[in-house]
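Undergrad: Heads up: the sequence shown is residues 36 to 266, going by our numbering. Cβ coordinates follow ideal geometry from the N, Cα and C atoms, glycine included.
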Amino acid sequence: MGRRLVGDQKGWQEEEDRELHLPAWKKLFDEISAPHILHNKCIAVSPGPSDVSRRKILNEEVDLLQNPPPRPPIECIEYPHYLLYFWVNNNATRETLGIKKGTVNEWVRCHQGDLPYDEDIVNGIEYHRKVASLNYRTLVYSGDHDAVLPFLSTQAWVRSLSDHIVDDWRAWHLDGQSAGFTMTYGNNVTFATVKDWVPNPWYRTQPILSSVHHKGYSNQLGNPRLYSQCG
């Protein structure tokens, strides 16, 4: 949304140009990997009947799936997501997990509108404010390379939970280097960015909670006791 100052009117009036600029933005945004903006964008392809690039065992597994997932290149960061379908839907895995036959036909990683429930809570911010009002010491952390849930959006959410800043922006460090930036709001809420990180366990080998809790960085971030991951 663009904004412009209009004549004698006070303040800013939002200019209704979304339809004009959104297509150009989408075209540019489509060039990057949204989960991690520094990674190569992977183009997944639907498995074909004569796809010789797959290993034989995966060929056999794909034939057993009703909805085989698109296959990304093996060097792609999302490739473990692809393998997950075959592992979870394997009979031995399902038996080990205690999944009774007939209860779950086929495991799907991300459901898109096909789950049997009603979305009757449009916004949960009032619930978040209620928890924040209890004055729990809380850490909200967000990766700075995630374009799906960017840290600016997470920060705006945190800002809505408190009306003042206790400790403004400062760096926090890991092994002598800046690992991100943090600030503390009222209600004991600390917000921290984590450099070169997104909230997915296989995008980063060094777990953020381990770093904060076990290596002494809790003092830098206000020694929080309740962790909340967003973004």
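#1: Label P70 either buried or exposed according to how many other C-beta atoms from any shown protein chain fall within 10 Å of its C-beta, with 16 as the threshold for buried.
#2: Label R53 either buried or exposed according to how many other C-beta atoms from any shown protein chain fall within 10 Å of its C-beta, with 16 as the threshold for buried.
#3: Just to confirm my understanding: we take K230, look at its own chain, exclude 5 residues before and 5 after, and list those with CB closer than 8 Å. What are they?
#4: Considering only the beta carbon of each residue, do T173 and V224 sit closer than 8 Å?
#5: Using only the alpha-carbon positions, how far apart do P103 and C111 sit?
#6: Just verifying my parser: in three-state terms, what is the DSSP assignment at I200?
#7: Does the segment 152–168 come within contact of the segment 122–137, defined as at least 3 CB pairs closer than 8 Å?
#8: CB R144 to CB Y114, shorter than 8 Å?
#9: Give me, in chain order, the residues of the same chain whose beta-carbon lies closer than 7 Å to that of L261; leave out the 5 immediate sequence neighbours on both sides.
#10: Could you tell me if S177 is buried or exposed, where buried requires 16 or more neighbouring beta carbons within 10 angstroms of its beta carbon?
#11: Buried or exposed: where does N126 fall if 16 or more other Cβ atoms within 10 Å of its Cβ makes it buried?
#12: State the Cα-Cα distance for the pair V183 and I67, rounded to the nearest angstrom.
#13: Which residues does DSSP list as the beta-bridge partners of H208?
#14: With DSSP collapsed to three states, give me the class of A182.
#15: Determine the extent of the alpha helix (DSSP H) in which V157 is found, giving its start and end residues.
#16: Which whole-angstrom value is the C-beta distance of S197 and Y220, which I expect to be below 8 Å?
#17: Short of 6 Å in beta carbon distance, which residues of its chain neighbour V123, apart from the five on each side in sequence? Order them along the chain.
TA: Let's see:
#1: Flag for P70 reads buried.
#2: Its Cβ having fewer than 16 others within 10 Å, R53 is exposed.
#3: D179, S213, A214 and G215
#4: yes
#5: 18 Å
#6: In the structure shown, I200 sits in a strand (DSSP, three-state: E or B).
#7: Touching, no, given that fewer than three Cβ pairs across the two stretches are closer than 8 Å.
#8: The Cβ atoms of R144 and Y114 do not sit closer than 8 Å to each other.
#9: With a pLDDT of 37 at L261, under the threshold of 50, the predicted position of this residue should be treated as unreliable, though the coordinate-derived value follows. Answer for L261: Y171, R172 and T173, listed in chain order.
#10: buried
#11: exposed
#12: 11 Å
#13: S213
#14: Assigned with DSSP and collapsed to three states, A182 falls in coil, not helix or strand.
#15: From DSSP, V157 is part of no alpha helix (DSSP H); its letter is neither H nor E.
#16: 4 Å
#17: W142
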